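Novice:
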Amino acid sequence: MSNYIPTIGIEVHVELKTRSKIFSNSKNGYGMGANTLTNVIDLGYPGTLPTVNEEVINIAIKAATVLHCKIRKMMNFDRKNYFYPDNSKNYQITQNRTPIGYDGYIEIDIDGKKKKIEIEEMHIEEDTCKSAHRKDVTLLDFNRAGVPLIEIVTKPCISSGEEAKLYLEKLRETLLYADISDCKIEEGSMRCDANVSIRKEEKDPFGTKAEIKNIGSISNVKLSIEKEIIRQQKLYDNHETFKPQTRRFDSKLNDTVLMRVKETGNDYRYFPEPDIPYLYLTDEQIFQARKTIPMTPDERRELYDKRNMSEVNREKIIAHRELSDFLNKLVETNLDFQIASNLLLGDISSYLNKKNKTLKETKLTQEKFTDLVEKVIDRTLTSKNIKDLLTDILEKDQSISELIKEKNISNITDDSILKEIIHKVLENNEESIKDYLSGHDRALKYLMGQVMKETKGSADPLLASNLLKEELESKK
Amino acid sequence: MQEKLSISEVKHVAELAKIRISDNEQEKYQIELKKIFNELEKIEEVKDYDEEIIITPTEEKCQLRKDEIGQMVNPKDMLKNVPRHSGNYIEVPVVINE
Amino acid sequence: MNKYLDKTIIELNQLLKEKKITPLDLVLEAFARIEKEHELNAFITLNKEEALKEAKKLETMEVDNLLFGLPIAIKDNILTKNLRTTCASHMLDNFIPIYDATVVEKIKEKHMIIIGKTNMDEFAMGSSSRTSYFGAPRNPWNKQKIAGGSSGGSATTVAARLLPLALGSDTGGSIRQPASYCGIVGMKPTYGRISRYGLVAFASSLDQIGPMTRNVYENALFLNSLVGKDEKDLTSSKKEREDFTRKIGQEIKGMKFAIPNYFMSDIVTEEIRDRIKEVIQLLEKKGATVDYIDIAYLENAVTLYQIIAMGEASSNLARFDGIRYGHSKENPKDIDDLYYGSREEGFGEEVKRRIMVGSYILSGDNAKKYYDKALSIRSDIRTSFLKAFEKYDLIIGPTTTTTAYDLTDPMDDPLKTFLDDVLVIPVNMAGLPGLNVPVAFSKDHMPIGLHIIGKPFDEATIYQLASFIEKELNLDLNPKGSDENE
Numbered sequence: 082m083s084n085y086i087p088t089i090g091i092e093v094h095v096e097l098k099t100r101s102k103i104f105s106n107s108k109n110g111y112g113m114g115a116n117t118l119t120n121v122i123d124l125g126y127p128g129t130l131p132t133v134n135e136e137v138i139n140i141a142i143k144a145a146t147v148l149h150c151k152i153r154k155m156m157n158f159d160r161k162n163y164f165y166p167d168n169s170k171n172y173q174i175t176q177n178r179t180p181i182g183y184d185g186y187i188e189i190d191i192d193g194k195k196k197k198i199e200i201e202e203m204h205i206e207e208d209t210c211k212s213a214h215r216k217d218v219t220l221l222d223f224n225r226a227g228v229p230l231i232e233i234v235t236k237p238c239i240s241s242g243e244e245a246k247l248y249l250e251k252l253r254e255t256l257l258y259a260d261i262s263d264c265k266i267e268e269g270s271m272r273c274d275a276n277v278s279i280r281k282e283e284k285d286p287f288g289t290k291a292e293i294k295n296i297g298s299i300s301n302v303k304l305s306i307e308k309e310i311i312r313q314q315k316l317y318d319n320h321e322t323f324k325p326q327t328r329r330f331d332s333k334l335n336d337t338v339l340m341r342v343k344e345t346g347n348d349y350r351y352f353p354e355p356d357i358p359y360l361y362l363t364d365e366q367i368f369q370a371r372k373t374i375p376m377t378p379d380e381r382r383e384l385y386d387k388r389n390m391s392e393v394n395r396e397k398i399i400a401h402r403e404l405s406d407f408l409n410k411l412v413e414t415n416l417d418f419q420i421a422s423n424l425l426l427g428d429i430s431s432y433l434n435k436k437n438k439t440l441k442e443t444k445l446t447q448e449k450f451t452d453l454v455e456k457v458i459d460r461t462l463t464s465k466n467i468k469d470l471l472t473d474i475l476e477k478d479q480s481i482s483e484l485i486k487e488k489n490i491s492n493i494t495d496d497s498i499l500k501e502i503i504h505k506v507l508e509n510n511e512e513s514i515k516d517y518l519s520g521h522d523r524a525l526k527y528l529m530g531q532v533m534k535e536t537k538g539s540a541d542p543l544l545a546s547n548l549l550k551e552e553l554e555s556k557k
Numbered sequence: 006m007q008e009k010l011s012i013s014e015v016k017h018v019a020e021l022a023k024i025r026i027s028d029n030e031q032e033k034y035q036i037e038l039k040k041i042f043n044e045l046e047k048i049e050e051v052k053d054y055d056e057e058i059i060i061t062p063t064e065e066k067c068q069l070r071k072d073e074i075g076q077m078v079n080p081k082d083m084l085k086n087v088p089r090h091s092g093n094y095i096e097v098p099v100v101i102n103e
Numbered sequence: 110m111n112k113y114l115d116k117t118i119i120e121l122n123q124l125l126k127e128k129k130i131t132p133l134d135l136v137l138e139a140f141a142r143i144e145k146e147h148e149l150n151a152f153i154t155l156n157k158e159e160a161l162k163e164a165k166k167l168e169t170m171e172v173d174n175l176l177f178g179l180p181i182a183i184k185d186n187i188l189t190k191n192l193r194t195t196c197a198s199h200m201l202d203n204f205i206p207i208y209d210a211t212v213v214e215k216i217k218e219k220h221m222i223i224i225g226k227t228n229m230d231e232f233a234m235g236s237s238s239r240t241s242y243f244g245a246p247r248n249p250w251n252k253q254k255i256a257g258g259s260s261g262g263s264a265t266t267v268a269a270r271l272l273p274l275a276l277g278s279d280t281g282g283s284i285r286q287p288a289s290y291c292g293i294v295g296m297k298p299t300y301g302r303i304s305r306y307g308l309v310a311f312a313s314s315l316d317q318i319g320p321m322t323r324n325v326y327e328n329a330l331f332l333n334s335l336v337g338k339d340e341k342d343l344t345s346s347k348k349e350r351e352d353f354t355r356k357i358g359q360e361i362k363g364m365k366f367a368i369p370n371y372f373m374s375d376i377v378t379e380e381i382r383d384r385i386k387e388v389i390q391l392l393e394k395k396g397a398t399v400d401y402i403d404i405a406y407l408e409n410a411v412t413l414y415q416i417i418a419m420g421e422a423s424s425n426l427a428r429f430d431g432i433r434y435g436h437s438k439e440n441p442k443d444i445d446d447l448y449y450g451s452r453e454e455g456f457g458e459e460v461k462r463r464i465m466v467g468s469y470i471l472s473g474d475n476a477k478k479y480y481d482k483a484l485s486i487r488s489d490i491r492t493s494f495l496k497a498f499e500k501y502d503l504i505i506g507p508t509t510t511t512t513a514y515d516l517t518d519p520m521d522d523p524l525k526t527f528l529d530d531v532l533v534i535p536v537n538m539a540g541l542p543g544l545n546v547p548v549a550f551s552k553d554h555m556p557i558g559l560h561i562i563g564k565p566f567d568e569a570t571i572y573q574l575a576s577f578i579e580k581e582l583n584l585d586l587n588p589k590g591s592d593e594n595e
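These protein sequence lines are chains U, A and P, in that order. When you number the first sequence by our numbering, it's gap-free, plus one each residue, and the end is 557. When you number the second sequence by our numbering, it's gap-free, plus one each residue, and the end is 103. When you number the third sequence by our numbering, it's gap-free, plus one each residue, and the end is 595.
Structure follows, in structure tokens:
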């Protein structure tokens, strides 16, 4: 096969988490009885008119900001006219000529290099209703009609499935962190379409475009792009051409399949929506909306690096928004972020997972957590202690000190007491001493276990291990 | 001879409008639509004009609505005007391939 | 038959207050009049049962405003909850709205009684009400003639003295033109004055609801009750409420009026121009000045109107697809059959033609060539009007180019209907208030109207002039002659 240069553009729709819909005040909700969350506006009744939800504009300002877009201060809405049963007015209110955000980017790391994926524009629009297809009929539920959407359109600047995947992961993380959307692909609150074409050389015009619609997961975006590139290459290699078309990814076939050929370009007959006057954004409104943006993932990365958190922990913490937010509240203290993140990602996370709880639902306060970290550092608490105490720490109101007292935890930190116990253990395990002396490290672990057993786990592990080694070395 | 649109032009416009026109209406639309299209061409005559547009002649700016939930329609009321439904769902002939 | 409905609103209010009559008397009389004049075909749907119920309910209530208990007609493109609203179309001939238009809420708050829904051109598209699915209403001055359109049924209702008040809607003259043909007072207020919520949209940026009445004072009074900011209509104006009758009775000495030359050109019949000139002489005699001026692009207004109105209409009427309400094709074989069939069967010819033209206007590159350019020139027209208003209080001219023509006149020219409205369309393009007041009769005794155009939100000054002229001329505007009714 010859080499081709792929050109990929990605369009993403995300649903916004508002209370009410974009152009009407009915509820923006999910999973309710069919057509229970609608009003005459969503149903496209004659005589109805749209109003504009303030929160949608605020969220769009935030989205534009975290996507590094310029924000338009005077805009209007447009009607996109097309007949389809999921579209109650047979036009969709969107922003065609004056998208609220434009000229932005998202930065990804690819092969150790940074690359800016350029965002052409992002605009506000309304969602369509949900259709369920039966044998002879399609059933329409207008609950979703009018749910606010933001559509984010990249320039055709993505050159591989891997880049597309990294872009989408980064986009999703960014939107989640800015509270734009819950970005659940499986529930349809994030939807991805990819435009794929290939050409021989940079100087050639773009090749014929295939649009892959509504891909079900980020990994399938990567896969479907890669499969589509191969399909197009084969066609060109065989000197075949194809028409612009819409395809979908079939995860069973593990390939893209044709949905329809675009005979002529879609004629959406856009024109400015006359029911909505010009919308002007003030600096104050933009400022107020931006103020509510939490720290972005990249800002967090920078912070955690500064606080000497390992890269592994850093990424895990960022992947778990609540832990990251929890930790960030302690940024003013001189807390050890590495140890703190170990605790959060280790025992605390497993507890939360097991109990299916969020941190908020426990009794762990920032103060208590700081205390806990300190007690680990000064070795007041061993990892075994923490395992024992964790349920109480997370579920009871008492302070760490009170819990230590109540549970009667006192670790042996006195050299002479420990030495006595070590002597006793060594006396009873002469074989192991021999093993150690002949170079078997296993023996040390075993002996250490015996020491811990003898002290019922109350020995300071570091201290005990040092003393044990000292004793063994002396026998050489 | 009267000026008229071609049959395919009429069909294209009817398709955009999602309106079926019968064969015996075609001739009439070929003539009538052409007559109106010619009239629209008169806008070409206007030369000096300001690019600024009016979308709607209101003097209001777009006022934003507070994000609060209002009253919704009882599906029973909605269904009163719905030609075909199945339970609370509105029904249409099956739409394939989307 | 009682003759209460020939009395003025003020007189009726007095009688109601003094309990000499009840709202029920008025409602019964209204239905009797409609029945007697049923061949006028003014109504599509009557609301008899509900109206009688409402009238009885009002008997025990305090008469709290000037419009209390008065019977009213509503154009059938304004939604009335639980009362069939058809837009004079087969598409909606079984449509029962589940909400009230904002103006209807206001009417109910004032305890006016809705008698019925008036006939009109289908979806307000037409200038003679002959595109109605229910047949055309007739002109009370000559039943062989059109009432005008699209608010023809409302104009007929008021002109024939069936009811004192009716609501119309005006996209390109649809209140003022039939008001002129029928010899009544019809006001299209400033765009944004009255909420459009619940008015079935024809062309959103042009549509405006307005009052149609027997005289100027009652028109202003009625308008008082209809205006106000509506949170449901973003284009509705925040302007404070005001009393539109406040300038009525004031002299016009020193006022400055302008007539665009185009309005008095040979597109208007000589007879009408002569009658308008007599009005001008009267105004000058009373101390006003009248200048002839030019307004830019007036001669292009019809073309611009066609582009904007049909473009918007093609989108506004896309929702009639046989899925959620309205006419739906029986046993459609697929989704396209449902769309094409429902719209083929449901819409009449004029509507189909306009939707097709509108779709064409917005398609592909045409959007830029036609629509965008029309929006630009529209802005210039408005600017040109506003400039004239820096010098003049009001702009005047004839409302129509002819008087009402025969119902049997041919309808085969698709452009004729726009030309009927050539003088009234520019006002919608600029979003200004405009009113028709009857000023004369033609030789064959059909009404001739004066068109008065004001600055944005200056309806009060329009009423001042209209009322002055009305009083000076003191025409007998009852088609049957007032004497017969006294």
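Glycine residues also receive a C-beta, built at the ideal position from the N, C-alpha and C atoms. Predicted, not measured: the structure shown is a model, and the values here were computed from it.
Between the alpha carbons of A:Ile101 and U:Asn301, how many angstroms are there, rounded?
Specialist: Taking the second sequence and counting its residues from 1, the one referred to as residue 101 of chain A is at position 96. Taking the first sequence and counting its residues from 1, the one referred to as residue 301 of chain U is at position 220. Within the model, the alpha-carbon separation for A:Ile101 versus U:Asn301 is close to 23 angstroms.
Novice: Who pairs with P:Met465 in a beta bridge, going by DSSP?
Specialist: What you label residue 465 of chain P is simply residue 356 of the third sequence in a count that begins at 1. P:Met465 is not bridged to any residue.
Novice: Should P:Gln286 be listed as close to the ligand GDP, given that the test is whether its C-beta is under 6 angstroms from any heavy atom?
Specialist: No copy of the ligand GDP appears in this structure; indeed no ligand is present at all.
Novice: Distance check for A:Tyr54 and U:Cys238, CA to CA, integer angstroms please.
Specialist: Start at 1 with the first residue of the first sequence, and residue 238 of chain U comes out as number 157. Start at 1 with the first residue of the second sequence, and residue 54 of chain A comes out as number 49. Approximately 39 angstroms between the Cα atoms of the pair.
Novice: Tell me which residues of the segment 63–91 of chain A have at least one Cβ-Cβ distance to chain C shorter than 8 angstroms, keeping chain order.
Specialist: Protein chains in the displayed structure are U, A and P, and chain C is not among them.
Novice: Does the segment 69–88 of chain A come into contact with the segment 109–126 of chain U, if we say contact requires no fewer than three beta-carbon pairs (one atom in each stretch) closer than 8 angstroms?
Specialist: yes
Novice: For U:Lys170, go through chain P and note every residue whose CB falls closer than 7 angstroms to its CB, in chain order.
Specialist: The residue you call residue 170 of chain U lines up with position 89 of the first sequence. Residues of chain P passing the Cβ test: Ala427, Arg428.
Novice: Which partner residues does U:Lys105 have in the DSSP bridge list?
Specialist: Translated into the one-based positions of the first sequence, residue 105 of chain U becomes position 24. Note that residue 105 of chain U is Ser in the sequence shown here, rather than Lys. U:Ser105 is bridged by DSSP to nothing; it lacks a bridge partner.
Novice: If you reduce the DSSP assignment to three classes, tell me which class U:Leu230 lands in.
Specialist: Locating residue 230 of chain U in the first sequence gives position 149, where the first residue counts as 1. Residue state, collapsed to three classes: strand.
Novice: Closest by CA to U:Leu124, which one among U:Tyr361, U:Glu380, U:Cys210?
Specialist: What you label residue 124 of chain U is simply residue 43 of the first sequence in a count that begins at 1. Out of U:Tyr361, U:Glu380, U:Cys210, the CA that lies nearest to the CA of U:Leu124 is found in U:Cys210.
Novice: Grouping DSSP H, G and I as helix and E and B as strand, with all else coil, what is P:Asn203?
Specialist: For the purposes of this step, residue 203 of chain P is taken as the residue at position 94 of the third sequence. Correct three-state label for P:Asn203: coil.
Novice: If you reduce the DSSP assignment to three classes, tell me which class P:Arg247 lands in.
Specialist: Locating residue 247 of chain P in the third sequence gives position 138, where the first residue counts as 1. Reduced to three states, the DSSP call for P:Arg247 is strand.
Novice: Can you check the segment 91–175 of chain U for any beta strand (DSSP E) of at least 3 residues that lies completely inside it and give the ranges in chain order?
Specialist: 159–162, 172–175
Novice: Answer yes or no: does any C-beta atom of chain A fall closer than 7 angstroms to that of P:Asp443?
Specialist: Residue mapping note: residue 443 of chain P aligns to position 334 of the third sequence, counting from 1. True, the Cβ-Cβ gap to chain A drops below 7 angstroms.
Novice: In its own chain, which residues sit with a C-beta less than 6 angstroms from the C-beta of P:Asp529, not counting the 5 before and 5 after it?
Specialist: Indexing the third sequence from 1 puts residue 529 of chain P at position 420. Ser236.
Novice: Assuming contact is defined by CB atoms lying nearer than 7 angstroms, are U:Tyr258 and U:Thr377 in contact in what I supplied?
Specialist: The sequence position of residue 258 of chain U within the first sequence is 177, counting from 1. The sequence position of residue 377 of chain U within the first sequence is 296, counting from 1. Contact: yes.
Novice: For U:Asp452, I'd like the list of residues in its chain whose CB is within less than 6 angstroms of its CB, leaving aside the five on either flank, ordered along the chain.
Specialist: Within the first sequence, residue 452 of chain U is the residue found at index 371, counting from 1. Closer than 6 angstroms at Cβ, skipping near neighbours: Ile481.
Novice: Less than 7 angstroms between the beta carbons of U:Asp331 and U:Val342, yes or no?
Specialist: Here residue 331 of chain U corresponds to residue number 250 of the first sequence, with the count starting at 1. Here residue 342 of chain U corresponds to residue number 261 of the first sequence, with the count starting at 1. For U:Asp331 and U:Val342, no; Cβs fall outside 7 angstroms.
Novice: Using alpha carbons as the reference points, say which of U:Glu283, U:Glu483, U:Phe352 lies closest to U:Asn84.
Specialist: The residue given as residue 84 of chain U occupies position 3 in the first sequence. Considering only alpha carbons, the answer is U:Glu283.
Novice: Which whole-angstrom value describes the C-beta separation of P:Thr510 and P:Leu532, a residue pair presumed to lie in contact below a C-beta threshold of 8 angstroms?
Specialist: On the third sequence, residue 510 of chain P is found 401 positions in, with the first residue counted as 1. On the third sequence, residue 532 of chain P is found 423 positions in, with the first residue counted as 1. Correct: roughly 6 angstroms between the Cβ atoms.
Novice: Taking the alpha-carbon positions, what's the U:Lys477 to U:Asn489 distance?
Specialist: Here residue 477 of chain U corresponds to residue number 396 of the first sequence, with the count starting at 1. Here residue 489 of chain U corresponds to residue number 408 of the first sequence, with the count starting at 1. Note on geometry: alpha-carbon atoms of U:Lys477 and U:Asn489 lie some 16 angstroms from one another.
Novice: Can you tell which of P:Ala151, P:Gln317, P:His220 has its C-alpha closest to the C-alpha of P:Ser238?
Specialist: Residue numbering aside, residue 238 of chain P sits at position 129 when the third sequence is read from its first letter. The shortest C-alpha separation from P:Ser238 is found at P:Ala151.
Novice: According to a CB-to-CB cut-off of less than 9 angstroms, which residues of the segment 204–220 of chain U neighbour chain A?
Specialist: Cβ contacts with chain A: Cys210, Ser212, Ala213, His214, Arg215, Lys216, Asp217, Val218, Thr219, Leu220.
Novice: Quick check: the segment 218–236 of chain P against the segment 153–163 of chain P, are at least 3 beta-carbon pairs closer than 8 angstroms?
Specialist: Yes: the two stretches touch, three or more of their Cβ pairs being nearer than 8 angstroms.
Novice: Across which residues does DSSP place P:Val546 in a beta bridge pair?
Specialist: Mapped onto the third sequence, residue 546 of chain P falls at position 437. Note: P:Val546 sits in a beta bridge opposite P:Leu559.
Novice: Between U:Tyr349 and U:Lys161, is the Cβ-Cβ spacing less than 7 angstroms?
Specialist: On the first sequence, position 268 is the one that residue 349 of chain U refers to. On the first sequence, position 80 is the one that residue 161 of chain U refers to. The Cβ-Cβ distance between U:Tyr349 and U:Lys161 falls below 7 angstroms.
Novice: For P:Ser214, decide whether its Cβ has a neighbour in chain A, counting only Cβ atoms nearer than 7 angstroms.
Specialist: Position 105 of the third sequence holds residue 214 of chain P. Note on residue identity: the sequence assigns Glu, not Ser, to residue 214 of chain P. Taking Cβ atoms only, chain A never reaches closer than 7 angstroms to P:Glu214, which makes this a no.
Novice: Quick one: give me the first and last residue of the beta strand (DSSP E) that A:Tyr94 is part of.
Specialist: Start at 1 with the first residue of the second sequence, and residue 94 of chain A comes out as number 89. 94–98 is the extent of the beta strand (DSSP E) around A:Tyr94.
Novice: So A:Lys23 contacts chain P; which residues on that side make the cut at Cβ distance below 7 angstroms?
Specialist: Along the second sequence, read from residue 1 onward, the residue named residue 23 of chain A stands at position 18. Per Cβ cutoff of 7 angstroms: Tyr448, Tyr449, Arg452.
Novice: At which residue ranges does the segment 247–301 of chain P contain complete alpha helix (DSSP H) runs of 4 or more residues, listed in the order of the chain?
Specialist: 261–268, 285–291
Novice: Is there a Cβ of chain P sitting closer than 7 angstroms to that of U:Arg559, yes or no?
Specialist: Because residue 559 of chain U is not part of the residues shown, which for chain U are 82 to 557, the question remains open.
Novice: Sort A:Ile48, A:Ser27, A:Asp82, A:Glu37 by Cα distance to A:Ala9 and report the nearest one.
Specialist: Residue numbering aside, residue 9 of chain A sits at position 4 when the second sequence is read from its first letter. According to the sequence provided, residue 9 of chain A is Lys. The question's Ala does not apply to it. The option with the nearest alpha carbon to A:Lys9 is A:Glu37.
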